[in-house]
Amino acid sequence: MKVRLGEWDAKANVEPLKYIELNVIRVKVNPFFNRANLQNDIAVLTLDQPVNLASAPHVNPVCPANFQANYFGKRYEIYTVINNLSMIHL
Numbered sequence: 001m002k003v004r005l006g007e008w009d010a011k012a013n014v015e016p017l018k019y020i021e022l023n024v025i026r027v028k029v030n031p032f033f034n035r036a037n038l039q040n041d042i043a044v045l046t047l048d049q050p051v052n053l054a055s056a057p058h059v060n061p062v063c064p065a066n067f068q069a070n071y072f073g074k075r076y077e078i079y080t081v082i083n084n085l086s087m088i089h090l
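Its first residue numbered 1, the sequence shown is counted upward by one per residue in the numbering used here.
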């Protein structure tokens, strides 16, 4: 499996900054993920090499929320980072 970081449109190749494509060596799905309603739909991907964020201003890390906190009904900017991530199965 590969992941593309910083890609905005997978259907076109007219992006202002080049995406970074890396191999995924491990996927750890949230143990509380519910397939029926997609609750807790997040996973941690371990990549085959580190990402140089200094050379990729269009890629940002995600800091997961506190497990004990209640964020019900609140919106955060995490979705913008997730929208920039595309998976490619080879």
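Heads up, the beta-carbon is just placed ideally off N, CA and C, and yes, glycines get one too.
In this structure, residue 2 sits away from residue 30, with a CB-CB distance that is not shorter than 7 angstroms.
Rounded to whole angstroms, the separation of the alpha carbons of residue 6 and residue 25 is 19 angstroms. With contacts defined as CB atoms closer than 7 angstroms, residue 45 and residue 27 qualify as a contacting pair. Secondary-structure assignment with DSSP links residue 34 through a beta bridge to 39. As the crow flies, the alpha-carbon of residue 9 is around 8 angstroms from that of residue 15.
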